[in-house]
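Asker:
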Amino acid sequence: MKFVPWVVSVVCLALLGWVWQDSQAKLAQKDAELANMKQQYSELVADANVKIAAANSKAKQIAEEANNQIKQLADEANDKLQQANQREVPVSVGFRKALMSNGHVAMLTNTSAQSIAVVVEVSRASSGQSRSFDITLDSGRKRELGEREGWAFVTGDTLTLRQPEHKSLIVKF
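As structure tokens, then:
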């Protein structure tokens, strides 16, 4: 029985050694898991940074496009406002049946106090034909535009009068 304490001590020592070995193995495993998690964290952070940079770039592009569209809309609105504030072409337009030819004749009368130069554009939607005339109208005078001048008006024709710095006058026959 003299050896029992020694045997118990050896068994306890062996048991202690095995527990220490097992805890060292578990610590090594946990260290490996921790290193793996740190690697995954680094990869996730890098991936998130790439996605954030891409999102920032896309947001910047969208903001630039929005600013360009706002500028374009503002320019269009200013153009329409400027056009709306322009005076109308000082010409009255009437139509009558042509006496010696086919179709109708447009009667253009200058209602201003001075002679004016206008561009008269006529078009026929049914056939796609169109023609332009440069006409000078004396103050208070009437000028006719019909088949003799190169255009016999029929139902559906559109007559547009243009003069610089004036609103276009559009008349549908």
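In the working numbering, the protein residues as written are 40 to 212.
Note that the Cβ used here is the ideal one computed from N, Cα and C, for glycine as well.
Locate the beta strand (DSSP E) running through Ser162, then write down its first and last residues.
Answerer: Its beta strand (DSSP E) spans residues Ile155 to Arg163.
Asker: Based on Cα-Cα distance, which residue from Arg201, Phe172, Ser162 and Lys69 lies nearest to Thr194?
Answerer: If we check each option's Cα against that of Thr194, Ser162 comes out closest.
Asker: With a floor of 3 residues, list each beta strand (DSSP E) that falls wholly inside the segment 95 to 182, ordered by position along the chain.
Answerer: List check, beta strand (DSSP E) in window: 130 to 136, 143 to 149, 155 to 163 and 168 to 176.
Asker: Using beta-carbon positions only, say whether Thr197 and Ser207 come within less than 7 Å of one another.
Answerer: Cβ distance not < 7 Å, so Thr197 and Ser207 don't count as in contact.
Asker: Exposed or buried, what is Asn149 when buried is set at 16 or more other beta-carbons lying within 10 Å of its beta-carbon?
Answerer: Result: buried.
Asker: Determine the direct distance from the alpha carbon of Val144 to that of Val132, and round the result to whole angstroms.
Answerer: Roughly 10 Å separates the two Cα atoms.
Asker: Among the candidates Arg187, Trp57 and Lys119, whose CA atom is the shortest distance from the CA of Gly142?
Answerer: The candidate whose alpha carbon is nearest that of Gly142 is Arg187.
Asker: Look up Val193 in the DSSP assignment and say whether it is helix, strand or coil.
Answerer: Coil at Val193, not helix or strand.
Asker: Curious, which full-length alpha helix (DSSP H) runs of at least 4 residues does the segment 44 to 98 contain?
Answerer: Correct list: empty.
Asker: Measure the alpha-carbon distance for Phe134 versus Lys211 and round it to whole angstroms.
Answerer: Between Phe134 and Lys211, the C-alpha separation is close to 11 Å.
Asker: Where DSSP assigns a beta bridge to Arg201, which residues make up the other side?
Answerer: Answer is Val158.
Asker: State the Cα-Cα distance for the pair Lys69 and Cys51, rounded to the nearest angstrom.
Answerer: Using only the alpha carbons, I get a separation of about 26 Å.
Asker: Taking all protein chains shown into account, do 16 or more other C-beta atoms lie within 10 angstroms of the C-beta of Trp14, making it buried, or fewer, making it exposed?
Answerer: Limits of the chain in this structure are 40 at one end and 212 at the other, which puts residue 14 out of reach.
Asker: From the DSSP secondary-structure annotation, give me the bridge partner or partners of Lys211.
Answerer: In DSSP, Lys211 forms a bridge with Thr197.
Asker: Taking the CB atoms as reference points, tell me whether Arg182 and Leu138 lie closer together than 7 Å.
Answerer: In this structure, Leu138 does not lie closer than 7 Å to Arg182 by Cβ.
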